[in-house]
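**Q** I have a structure here, written as structure tokens, and I will follow up with some questions on it.
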Amino acid sequence: MRRYRLLTATVLSLLLVLATLVVFPVFAQPTFTGNAPADFGGLPDTVAVTDPGGVGDVGVPIPPAPPGTVSGWDVAVLYLNYDHATDTLYVGVDTFGICGDADGDGNPGGTSAWLAGLGGVDLADLSGTESFCLLIDTNNDYVSGSGGPGIDVVVGVDSVNDITTFGAYNFVGSPFNPQAGFGAALPNTVTLYANPSAAAPDMEFSIANFSTLPNASFTPGQAFSFQINLFMGSLQDNGVGEDYISSAGATVSVNVVGQPPPEPGVVPEASTLILLGSGLVGLGAYARLRWRGRKRKSRP
Ligand SMILES: [Ca+2]
Ligand SMILES: [Ca+2]
Ligand SMILES: [Ca+2]
Ligand SMILES: [Ca+2]
Numbered sequence: 042m043r044r045y046r047l048l049t050a051t052v053l054s055l056l057l058v059l060a061t062l063v064v065f066p067v068f069a070q071p072t073f074t075g076n077a078p079a080d081f082g083g084l085p086d087t088v089a090v091t092d093p094g095g096v097g098d099v100g101v102p103i104p105p106a107p108p109g110t111v112s113g114w115d116v117a118v119l120y121l122n123y124d125h126a127t128d129t130l131y132v133g134v135d136t137f138g139i140c141g142d143a144d145g146d147g148n149p150g151g152t153s154a155w156l157a158g159l160g161g162v163d164l165a166d167l168s169g170t171e172s173f174c175l176l177i178d179t180n181n182d183y184v185s186g187s188g189g190p191g192i193d194v195v196v197g198v199d200s201v202n203d204i205t206t207f208g209a210y211n212f213v214g215s216p217f218n219p220q221a222g223f224g225a226a227l228p229n230t231v232t233l234y235a236n237p238s239a240a241a242p243d244m245e246f247s248i249a250n251f252s253t254l255p256n257a258s259f260t261p262g263q264a265f266s267f268q269i270n271l272f273m274g275s276l277q278d279n280g281v282g283e284d285y286i287s288s289a290g291a292t293v294s295v296n297v298v299g300q301p302p303p304e305p306g307v308v309p310e311a312s313t314l315i316l317l318g319s320g321l322v323g324l325g326a327y328a329r330l331r332w333r334g335r336k337r338k339s340r341p
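One point on numbering: in the numbering used here, the residue at position 178 of the sequence shown is 219, and numbering is uninterrupted.
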């Protein structure tokens, strides 16, 4: 009798464990491959900000550039995905060609003959005045288009350093000249997927502890919003323009949906382990009883 009760308890425990594993929601995060549309495209709750100017809004002097040349500064779409569970913002920037390939010749660290002829250079590793800036207004007090105060953070590379300094900084300049506005480095870890190349053409990175950025005031789990502006360009690529989302000094609002709290009655993760443990203990006890029973029967 006791044996059956134990067996029932064991089976019930294991079923509960299985049910818990099924009920637990899985929140998807992007896996970076250097291809932003592929990495963010089908992901739930991704915010995709399309460059209003689309592809082709970065000026290229044709001729001397070959017909059809598009600069690697030319942004198509900015992707943002916030993970409430880890307080991490994932960012992907889909550029036409390779991010940082100023003259669009397929080499982000090489200058084409036509650009050299104009006295310009396409530098490697976003060095020199090549710059990437994601401006963030964490508390929505920047007046879009004003160039005034309110931008709190810049993530990227300024117009002096190279990609080895890619990180999060206090923003202390004008949104009309973002590459010159990098202040003190922030403690938030910025993890860059790769230095853009032919194999991984898009800029992708994550910002850790997003809710701790200066002036941010939300708690992970809550819905929140912030403003962004994106800039990419160089002062040494004579004749080639730069790109902004949405335009110089103008921001775009990003709304992040809240993460619903776990449904009442859903067993938290720690309990899953306890249940799994008790299930195993039950199985052990059952096996011991069976073994004892067999031993008793085999006695003369
Ligand atoms: Ca563009
Ligand atoms: Ca190039
Ligand atoms: Ca370059
Ligand atoms: Ca602000």
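We treat Cβ as the ideally placed atom computed from N, Cα and C, and that holds for glycine. All values derive from a computational prediction rather than experimental measurement.
1) Nearest-angstrom Cα distance between Thr87 and Val134?
2) Measuring from the CB of Leu164, is there a heavy atom of ligand 3 at a distance below 8 Å?
3) Please classify Glu171 as buried or exposed, where buried requires at least 16 other C-beta atoms within 10 Å of its C-beta.
4) Determine the contact status of Cys140 and Gly113, defining contact as a CB-CB distance below 9 Å.
5) Would Gln268 pass as a contact of Tyr131 if the rule is Cβ separation under 9 Å?
6) Would you kindly work out how many angstroms separate the C-alpha atoms of Val196 and Pro301, rounded to a whole number?
7) Return yes when at least one heavy atom of ligand 3 lies under 8 Å from the C-beta of Ala143, else no.
8) Quick check on Val101: buried or exposed, where buried means 16 or more other Cβ atoms within 10 Å of its Cβ?
9) Are the Cβ atoms of Phe73 and Glu283 separated by less than 9 Å?
10) Quick one: what's Thr136 bridged to in DSSP?
11) Let me check you understand the geometry: is the CB of Trp282 closer than 8 Å to at least one non-hydrogen atom of ligand 3?
12) Please go through the same chain and pick out, in chain order, the residues whose beta-carbon is closer than 7 Å to the beta-carbon of Pro216, but skip the five residues on each side of it.
13) Taking 9 Å as the CB-CB cut-off, is Ala289 touching chain C?
14) In three-state terms, what does DSSP make of Ser200?
15) Helix, strand or coil: which one does DSSP assign to Pro261?
16) Quick check on Pro66: does DSSP put it in helix, strand or coil?
17) Nearest to Phe265 by CA position, among Val295, Phe272, Pro242, Gln220, is which residue?
18) Closest by CA to Phe259, which one among Leu276, Thr205, Val281, Asn181?
19) Name the two residues that bound the continuous alpha helix (DSSP H) containing Asp80.
20) Would you check if the distance between the CB atom of Asp80 and the CB atom of Ala106 is smaller than 9 Å?
21) Start and end of the beta strand (DSSP E) containing Ala240?
**A** In this structure, then:
1) Translated into the one-based positions of the sequence shown, residue 87 becomes position 46. Translated into the one-based positions of the sequence shown, residue 134 becomes position 93. About 13 Å.
2) Position 123 of the sequence shown holds residue 164. Answer for Leu164: yes, Cβ within range of ligand 3.
3) In the sequence shown, residue 171 corresponds to position 130, counting from 1. Buried, by the Cβ-count rule.
4) Here residue 140 refers to the residue found at position 99 of the sequence shown. Here residue 113 refers to the residue found at position 72 of the sequence shown. Cβ atoms of Cys140 and Gly113: closer than 9 Å.
5) For this step, residue 268 is matched to residue 227 along the sequence shown. For this step, residue 131 is matched to residue 90 along the sequence shown. No, these two residues do not count as a Cβ contact at 9 Å.
6) Your numbering for residue 196 matches position 155 in the sequence shown. Your numbering for residue 301 matches position 260 in the sequence shown. A direct Cα-Cα distance of roughly 29 Å separates Val196 from Pro301.
7) Taking the first residue of the sequence shown as position 1, residue 143 is located at position 102. It does: the Cβ of Ala143 is within 8 Å (strictly closer) of some heavy atom of ligand 3.
8) As a working mapping, residue 101 is identified with position 60 in the sequence shown. So Val101 counts as buried.
9) In the sequence shown, residue 73 corresponds to position 32, counting from 1. In the sequence shown, residue 283 corresponds to position 242, counting from 1. No, the Cβ-Cβ distance between Phe73 and Glu283 is not below 9 Å.
10) Residue 136 sits at position 95 when you count from the first residue of the sequence shown. Assignment of beta-bridge partners to Thr136 by DSSP yields Val116.
11) Counted from its first residue, the sequence shown places residue 282 at position 241. The question names Trp, but residue 282 is Gly in the sequence shown. Checking every heavy atom of ligand 3 against the Cβ of Gly282, none is found closer than 8 Å.
12) Counted from its first residue, the sequence shown places residue 216 at position 175. Short of 7 Å from the beta carbon of Pro216, and not among the five residues preceding or following it, lie these beta carbons of its own chain, in chain order: Leu176, Gly188, Ile192, Asn270, Gly290.
13) Of the protein chains in this structure there is only one, and it is not chain C.
14) Here residue 200 corresponds to residue number 159 of the sequence shown, with the count starting at 1. Look at Ser200 here: in three-state DSSP terms it is coil, with no helix or strand label.
15) Within the sequence shown, the letter at position 220 stands for residue 261. Look at Pro261 here: in three-state DSSP terms it is strand.
16) Within the sequence shown, residue 66 is the residue found at index 25, counting from 1. With a pLDDT of only 48 at Pro66, under 50, the local geometry of the prediction cannot be trusted, and no value is derived from it.
17) Within the sequence shown, residue 265 is the residue found at index 224, counting from 1. Phe265 has its Cα closest to that of Val295, out of Val295, Phe272, Pro242, Gln220.
18) The count along the sequence shown starts at 1 and reaches residue 259 at position 218. The alpha carbon of Phe259 has as its nearest neighbour, out of Leu276, Thr205, Val281, Asn181, the alpha carbon of Asn181.
19) On the sequence shown, position 39 is the one that residue 80 refers to. 77-81 is the span of the alpha helix (DSSP H), which, as asked, contains Asp80.
20) As a working mapping, residue 80 is identified with position 39 in the sequence shown. As a working mapping, residue 106 is identified with position 65 in the sequence shown. Cβ distance not < 9 Å, so Asp80 and Ala106 don't count as in contact.
21) Within the sequence shown, residue 240 is the residue found at index 199, counting from 1. No residue range can be given for Ala240, since it is assigned to no beta strand (DSSP E) and is classified by DSSP as neither H nor E.
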